[in-house]
Amino acid sequence: MTILLDTDHLRTFVAIAETGSFTKAADVVHKTQSAVSMQMKRLEDRVARPLFARDGRASRLTQDGERLLDYARRIVKLNLEAVSVFADDMLSGRVCLGVPDDYADRYLPDIMARFSRTHPSVELTVVCAPSATLNEQISTGAIDLAIITATDITGRNAQVIRRERLLWVGSLRHSAHLETPTPLALGQPSCQWRDVAVTRLNSAGRPHRILYSSPNHGAVSAAVLAGLAVSVFPESALRPGMRVLGPADGFPPLPPCDIGLLRNRHEPSVLADALAQHIIQGLDNLTDADAAE
Numbered sequence: 382m383t384i385l386l387d388t389d390h391l392r393t394f395v396a397i398a399e400t401g402s403f404t405k406a407a408d409v410v411h412k413t414q415s416a417v418s419m420q421m422k423r424l425e426d427r428v429a430r431p432l433f434a435r436d437g438r439a440s441r442l443t444q445d446g447e448r449l450l451d452y453a454r455r456i457v458k459l460n461l462e463a464v465s466v467f468a469d470d471m472l473s474g475r476v477c478l479g480v481p482d483d484y485a486d487r488y489l490p491d492i493m494a495r496f497s498r499t500h501p502s503v504e505l506t507v508v509c510a511p512s513a514t515l516n517e518q519i520s521t522g523a524i525d526l527a528i529i530t531a532t533d534i535t536g537r538n539a540q541v542i543r544r545e546r547l548l549w550v551g552s553l554r555h556s557a558h559l560e561t562p563t564p565l566a567l568g569q570p571s572c573q574w575r576d577v578a579v580t581r582l583n584s585a586g587r588p589h590r591i592l593y594s595s596p597n598h599g600a601v602s603a604a605v606l607a608g609l610a611v612s613v614f615p616e617s618a619l620r621p622g623m624r625v626l627g628p629a630d631g632f633p634p635l636p637p638c639d640i641g642l643l644r645n646r647h648e649p650s651v652l653a654d655a656l657a658q659h660i661i662q663g664l665d666n667l668t669d670a671d672a673a674e
């Protein structure tokens, strides 16, 4: 007997895999958590294999779940494409997202993939620029949405959706952090992290000099990994070959990094709202923290 898999069950399965949580997936697919759990039980019964293993509060895929995931994504994508051919009211058009290049590397692949699957007829334009520039472009209506580092200046109108530790980083294979004065690789003078780093070092009385300055995150990372300088990165930006430096190394604590979402309030659109939901679902790490408290 041929086994047919329910597309709606597979869509929910993909949402759980991408969010790591039955609760978050329920929001994505607009179902109750109990309905999501029931769908996954039926899917597991259908394939006669366990698809999930509990990992603390998260839900991680079993080996069989990983095998199913690629098929599930392709089936859901084909279903959406088929429906879009016949749906006159399918969302279409263009939406423009601004994002700093360091956030683009970390967050855009997942956001773009999920948005493309649910809105295959929409053209997504991405503009990479520093947070301050994106703030200006939002105010002039040049872009629809922006993911930014939320500060008192750039984040005044932003919805904070993610908070990470801001860390001093150096190279695992080198010792630039032992040099006096400390060589630094940082962003441009308008960069908030640069301002925080210099201010904290001045307050701690640690001699330093800015050796490399670039608006490009990749260039700053290269200077750190080459052992030429120390920098400051959000926790999610750490790369293999980097070491975290702290008070024991003579580096003062740094404030957390807030990541915010800015919206063009002059010309709101259904497309921008749809993309905003994908961004929030992909980046949000504050909802669960608030719930835990």
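Under our numbering, the sequence shown has 388 at position 7, and the numbering climbs by one with no breaks. Glycine residues also receive a C-beta, built at the ideal position from the N, C-alpha and C atoms. In this text, all values refer to a predicted model and were calculated from it rather than measured experimentally.
Indicate the three-state DSSP secondary structure (helix, strand or coil) for residue i in the structure shown.
i, result
"Asp-639", "strand"
"Ser-617", "helix"
"Ile-384", "coil"
"Ala-673", "Unreliable positioning characterises Ala-673 in this predicted model, as indicated by a pLDDT of 40, which lies under 50. The coordinate reading is nonetheless provided below. It is helical."
"Ala-704", "Residue 704 cannot be examined here, being either before or after the span of the chain that is shown, 382 to 674."
"Arg-392", "helix"
"Ala-657", "helix"
"Ala-434", "strand"
"Gly-446", "helix"
"Arg-646", "coil"
"Gly-631", "coil"
"Asp-469", "Here Asp-469 scores only 45 on pLDDT, less than 50, and its place in the model is too uncertain to base an answer on."
Pop quiz: residue i and residue j are said to be a contact at Cβ under 8 Å. What is the actual Cβ separation, rounded to whole angstroms?
i, j, result
"Arg-427", "His-659", "About 28 Å; that fails the 8 Å criterion."
"Leu-635", "Val-577", "6 Å"
"Ala-523", "Ala-566", "The pair is not a contact, with the Cβ atoms about 30 Å apart (cut-off 8 Å)."
"Val-410", "Ala-398", "Rounded, the Cβ-Cβ distance is 12 Å, inconsistent with contact."
"Arg-544", "Asp-639", "5 Å"
"Asn-645", "Ile-519", "6 Å"
"Val-503", "Leu-472", "6 Å"
"Ala-680", "Leu-642", "This structure does not reach residue 680, given that the chain is present from 382 up to 674, and the question cannot be answered."
"Leu-461", "Pro-501", "6 Å"
"Ala-407", "Val-417", "5 Å"
"Ala-453", "Phe-394", "5 Å"
"Gly-631", "Arg-587", "6 Å"
"Asp-483", "Ala-600", "Actually they are not in contact, since the Cβ atoms of Asp-483 and Ala-600 sit about 11 Å apart, beyond 8 Å."
"Gln-569", "Lys-405", "Not a contact, Cβ separation roughly 35 Å."
How far does the beta strand (DSSP E) with residue i in it extend, from its first residue to its last?
i, result
"Ile-591", "589-594"
"Val-625", "623-626"
Going by DSSP, what residue range makes up the alpha helix (DSSP H) through residue i?
i, result
"Glu-425", "414-428"
"Gln-573", "573-585"
"Ala-527", "Per DSSP, Ala-527 belongs to no alpha helix (DSSP H); it is in the beta strand (DSSP E), 526-530."
"Ser-552", "First-last for Ser-552: 547-552, but that is the beta strand (DSSP E), not the alpha helix (DSSP H)."
"Asp-408", "403-410"
"Gly-608", "From DSSP, Gly-608 is part of no alpha helix (DSSP H); its letter is neither H nor E."
Residue i CB to nearest chain D CB: under 9 Å?
i, result
"Ser-402", "This model lacks chain D altogether; it includes just one protein chain."
Secondary structure, alpha helix (DSSP H): runs of 4+ residues fully inside the segment 476-524: Complete alpha helix (DSSP H) runs here, min 4: 482-499, 512-521.
Three or more C-beta pairs below 8 Å linking the segment 548-563 and the segment 506-520: Output reads no: the segment 506-520 does not touch the segment 548-563.
Cβ contact (3+ pairs, closer than 8 Å) linking the segment 603-621 and the segment 542-555: Contact between the segment 603-621 and the segment 542-555 is present, because at least three Cβ pairs lie under 8 Å.
Segment contact flag, the segment 613-633 with the segment 496-504, C-beta cutoff 8 Å, min 3 pairs: Cβ pair count under 8 Å is below three, so no.
Three-pair Cβ contact test at 8 Å for the segment 468-488 versus the segment 517-532: Three or more beta-carbon pairs separated by less than 8 Å link the segment 468-488 to the segment 517-532, which places the two stretches in contact.
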